[in-house]
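Scroll down for the structure; my scribbles are underneath it.
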Amino acid sequence: MIPTTSAFDAARNGRGQDPVVVVTFPTLGLTYSNRSGITGLAPTSTFAQMPAGASQQVSDLQGSATVGALNLTVVDVNRAVLALLGTKQWYGALALLQIGFAGLTYPTDFITVFTGVVQSVTPTDDHTGFVIGLRDFNRRLTNQVYGTGDDGLTPTSATNPKTLDGNPMALVIDLLENQLGLASGYVDTAAITALQNGRLSCTRMLFSLQKSVNAKTFLEQELLRPNGLFHFARYNGAISVVDMLAPPTPVGIAFAFTQSNIVGIPKFRQQPIYNWVQFDLDYDGSNYRDTEEFIDAASVAKFDLQAVLQIQSQGLRSNLQGASRAGITARRIFERYAGGPANQITLVAASLQPVIVEVGDYVTVSHPLMEDLDSGTLGWSDRVCQVLNVQANWAKGQLTYDLIDVTAMLKPAFQFAPDTVPAWPTATAPQRQQYLFMADASSQQSDGSAAGGIF
Amino acid sequence: MAFSVDLPGGWFDIPDSVWASGQNAVEDQLVALNSMIRFAALGDEYFAAAPQKDGGTVTLPQSADDGYGYSRSECIYGFSVQASPDPATGKNGGPGDLLFFDNYIAQDTGVVQSGVNYFVQGGQDTATRDGLLNVLILCRRGGGNKAAVAGTPTSGVSSGTGGGPAGGGGGIATGGVGAVVGDGQGSQGDGKDGHQFQIV
Chain V
0 MIPTTSAFDA ARNGRGQDPV VVVTFPTLGL TYSNRSGITG LAPTSTFAQM
50 PAGASQQVSD LQGSATVGAL NLTVVDVNRA VLALLGTKQW YGALALLQIG
100 FAGLTYPTDF ITVFTGVVQS VTPTDDHTGF VIGLRDFNRR LTNQVYGTGD
150 DGLTPTSATN PKTLDGNPMA LVIDLLENQL GLASGYVDTA AITALQNGRL
200 SCTRMLFSLQ KSVNAKTFLE QELLRPNGLF HFARYNGAIS VVDMLAPPTP
250 VGIAFAFTQS NIVGIPKFRQ QPIYNWVQFD LDYDGSNYRD TEEFIDAASV
300 AKFDLQAVLQ IQSQGLRSNL QGASRAGITA RRIFERYAGG PANQITLVAA
350 SLQPVIVEVG DYVTVSHPLM EDLDSGTLGW SDRVCQVLNV QANWAKGQLT
400 YDLIDVTAML KPAFQFAPDT VPAWPTATAP QRQQYLFMAD ASSQQSDGSA
450 AGGIF
Chain A
0 MAFSVDLPGG WFDIPDSVWA SGQNAVEDQL VALNSMIRFA ALGDEYFAAA
50 PQKDGGTVTL PQSADDGYGY SRSECIYGFS VQASPDPATG KNGGPGDLLF
100 FDNYIAQDTG VVQSGVNYFV QGGQDTATRD GLLNVLILCR RGGGNKAAVA
150 GTPTSGVSSG TGGGPAGGGG GIATGGVGAV VGDGQGSQGD GKDGHQFQIV
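In order, the protein sequences belong to chains V and A.
Numbering that gives the first Met the number 0 numbers the first residue of the first sequence as 0 and each following residue consecutively.
Numbering that gives the first Met the number 0 numbers the first residue of the second sequence as 0 and each following residue consecutively.
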């Protein structure tokens with residue numbers, strides 16, 4: 000979720016929005032806006048066609064994210080921009096897309112919704128201006144990495160492999176900061192470190208690379224996908240990693256969509272069923288020496304279908320608990336995809352009110368006319384969804400979201416109890432709600448009451 | 000409740016801090032702990048095989064605890080000589096004194112070789128396939144076919160070549176007096192492990 004000021008929140012939640020769109024190039028000293036007369040804002044020109052918007056699509060099953068891109072068309076008044084082409088370094092120059100509302104102070108109460116770099120500068124067809132192509136920092140991920148083997152001198156090869164051994168999140172940071180050279184400000188180390196110290200604290204991966212690898216492919220297919228994670232570029236340009244298959248407990252809600260702030264009724268999108276996960280691990284440089292197959296038997300019987308998803312991991316090792324790790328990922332895939340087509344929907348916001356929502360955030364959706372495919376009834380009420388795609392059209396002031404319903408995956412959190420907490424029979428109701436109590440093999444507490452599960 | 004190691008296990012350190020009071024119980028860590036407990040309980044098992052004579056094959060063992068059937072790549076064999084005569088007759092297969100033993104169990108197939116040579120002072124020696132071996136089967140689930148694992152710390156990122164507990168089975172030298180043992184370089188099996196699990 001994009002941080003805001005109270006003034007910005009008041010404006011976005013108010014009626015009669017008058018949005019202000021700013022595209023600024025700090026190193027070039029250029030700023031374009033669709034409005035003038037904003038306190039603190041001195042645009043180079045208002046002769047700019049606001050971009051249709053950046054889109055970043057992520058895939059929960061592939062761990063991947065597309066490169067966000069947008070094009071800004073500027074009118075070259077008095078050929079001022081043309082003159083700059085010869086004196087400024089355009090390509091790779093930092094670019095910020097900022098949003099505010101009339102009456103707010105720039106830049107204090109504006110938010111940055113996109114941070115990227117200039118990828119291209121092309122004259123318009125009528126030669127009255129330029130189209131400036133911008134890309135997010137995911138473009139940096141296309142580089143080749145780990146090109147030098149363990150001897151530190153010669154290229155990575157079968158005889159001089161590059162060994163990587165550690166927590167996958169530590170490897171992610173190594174890839175982004177040390178291999179790609181991203182400045183620490185462009186790596187969401189807080190989120191990545193939280194994952195490393197959280198549920199992935201007991202995960203270790205071991206790679207023996209025999210050639211250099213594409214950073215994006217390695218990040219997505221090897222470090223993230225086997226662990227149920229995906230990456231994306233945040234509003235400030237930082238590359239972040241999000242847990243796709245395990246919503247946090249408690250889950251933070253970035254925005255509540257209701258019939259009052261949605262255009263029409265959200266559309267359903269049919270998604271595949273997966274009830275069979277084939278996990279290949281123990282890579283020896285040419286073959287995977289171990290294959291684990293996980294099957295949701297109830298789903299196979301229910302649909303009379305074996306729908307297989309194959310995941311290959313060169314870093315998971317069965318003698319490093321890799322098989323257990325594979326089982327966790329498979330179980331979570333089944334939780335989302337085996338019981339029935341996952342509820343994936345697309346909705347259009349009625350205003351810029353949810354502009355703070357990013358890919359990976361959780362939102363709630365309520366609408367009385369949406370079908371509940373699980374219960375066979377009509378109406379959604381605060382169903383928790385994760386954002387898979389944000390499509391912004393700043394020219395129209397329109398935001399479109401692709402969401403996946405994760406309500407069924409939400410689990411209660413139970414803490415390990417301190418010594419002062421008594422056994423179940425004498426524990427208070429709040430203690431029973433807060434702490435972990437061991438149940439018997441029949442999932443019953445000692446007084447016969449049903450135990451709650453944590454997964 | 001049935002007890003089994005349903006996935007190939009291994010050791011991995013879980014930080015003590017995740018078990019402190021006030022920490023949320025997390026699936027990943029509980030599954031890892033459960034896996035390690037099972038692996039610790041049944042990861043290594045030892046079986047005494049029936050006495051083996053030349054040309055025999057050591058039968059693959061089955062866990063008495065959970066019925067798990069071991070594959071050849073998960074087993075290595077230690078042996079000692081129980082008796083030198085021909086096990087079929089109970090008599091020496093040649094004249095004279097014992098000269099040397101030639102005993103070996105192929106670690107990748109379990110096939111037994113047992114030879115005893117006899118020698119008469121001033122005469123020829125006689126090579127026979129006599130002898131009977133005691134065999135101890137040492138089993139590790141999931142062992143034998145795994146890529147080598149670096150013996151490095153688990154925190155942070157480390158680079159460099161690792162040694163550590165590779166899974167390939169090596170010959171075990173436990174022969175009795177006069178026994179000739181293998182070269183300790185058992186070959187690694189080329190089979191591919193596979194498991195299938197139903198989540199219900």
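Ideal placement from N, C-alpha and C gives every residue a C-beta, glycine not left out.
Since the structure is predicted, the reported quantities are computational estimates derived from the model, not experimental observations.
- Any Cβ of chain A closer than 7 Å to the Cβ of V/Ile-453 would place that residue at the interface, and such an atom is present.
- For A/Glu-73, the secondary structure class from DSSP, reduced to helix, strand or coil, is helix.
- Chain A has a Cβ within less than 7 Å of the Cβ of V/Ile-327.
- Annotation for V/Asp-371: the continuous beta strand (DSSP E) segment containing it runs 361-371.
- V/Leu-93 is not a Cβ neighbour of V/Val-22, given a cutoff of 7 Å.
- Between the alpha carbons of V/Pro-122 and V/Leu-29 lies a distance of about 17 Å.
- Apart from the 5 residues on each side of it in sequence, V/Gly-91 sits with its Cβ closer than 6 Å to the Cβ of Val-116 in its chain, given in chain order.
- The C-beta of V/Pro-417 comes closer than 7 Å to at least one C-beta of chain A.
- Of all alpha-carbon atoms in V/Leu-244, V/Leu-103, V/Gly-128, the one lying nearest the alpha-carbon of V/Asp-404 is that of V/Leu-244.
- Assignment of alpha helix (DSSP H) within the region 390-453 of chain V, counting only whole runs of 4 or more residues, yields 428-433 in chain order.
- In this chain, V/Thr-4 is not harboured by any alpha helix (DSSP H), its DSSP state being neither H nor E.
- If one requires a minimum length of 3 residues, the beta strand (DSSP E) runs lying completely within the region 133-215 of chain V are 161-165, 204-208, in chain order.
- Chain A has a Cβ within less than 7 Å of the Cβ of V/Cys-201.
- In summary, V/Trp-89 is buried, with 16 or more beta-carbon neighbours lying within 10 Å of its beta-carbon over all protein chains present.
- In terms of beta-carbon proximity, V/Leu-222 stays away from the interface with chain A, with every pair separated by 7 Å or more.
- Sequence-distant partners of V/Thr-188 (beyond 5 residues in either direction) whose C-beta falls short of 7 Å from its own C-beta, in its chain, are Ile-172.
- Under the DSSP assignment, A/Asp-27 falls in the alpha helix (DSSP H) whose first and last residues are 26-41.
- At a cut-off of 7 Å, the C-beta of V/Arg-14 has no neighbouring C-beta in chain A.
- When Cβ-Cβ separations below 7 Å define contact, A/Val-115 makes no contact with chain V.
- Contact of V/Ser-448 with chain A is not assigned, every C-beta pair being separated by 7 Å or more.
- DSSP lists V/Phe-100 as the bridge partner or partners of V/Pro-18.
- With a 10 Å radius around the Cβ and a threshold of 16 neighbouring Cβ atoms, A/Thr-108 comes out exposed.
- In the DSSP secondary-structure assignment, V/Asn-12 is not bridged to any residue.
- For A/Val-17, the residues of chain V that pass the 7 Å Cβ criterion are Ser-200, in the order they occur in the chain.
- In this structure, the CA atom of V/Ala-79 is about 39 Å from the CA atom of V/Ala-214.
- In this structure, V/Cys-201 lies away from A/Ala-49, with their beta-carbon atoms at least 7 Å apart.
- With respect to V/Pro-18, V/Leu-351 sits close: the two C-beta atoms are nearer than 7 Å.
- V/Ser-442 and V/Phe-436 have their C-alpha atoms spaced approximately 11 Å apart.
- When Cβ pairs closer than 8 Å are counted between the two stretches, the region 318-336 of chain V is seen to touch the region 241-255 of chain V, the count reaching three or more.
- DSSP places V/Arg-316 outside both helix and strand once states are collapsed to three, so it counts as coil.
- Residues of the region 13-39 of chain A that bring their beta carbon within less than 7 Å of a beta carbon in chain V comprise Ile-13, Pro-14, Val-17, Trp-18, Ala-19, Ser-20, Gly-21, Gln-22, Asn-23, Ala-24, Val-25, Glu-26, Asp-27, Gln-28, Val-30, Ala-31, Ser-34, in sequence order.
- Secondary structure at V/Ser-58: strand, using DSSP grouped into helix, strand and coil.
- Scanning its chain for C-beta atoms nearer than 6 Å, with the 5 sequence neighbours on each side dropped, one finds around A/Asp-43 the residues Arg-139, in chain order.
- Bounds of the alpha helix (DSSP H) holding V/Ala-300 are 296-302.
- Contact annotation: the region 308-327 of chain V touches the region 194-209 of chain V, with at least three C-beta pairs closer than 8 Å.
- Boundaries of the alpha helix (DSSP H) harbouring V/Val-80: 79-84, taken from the DSSP string.
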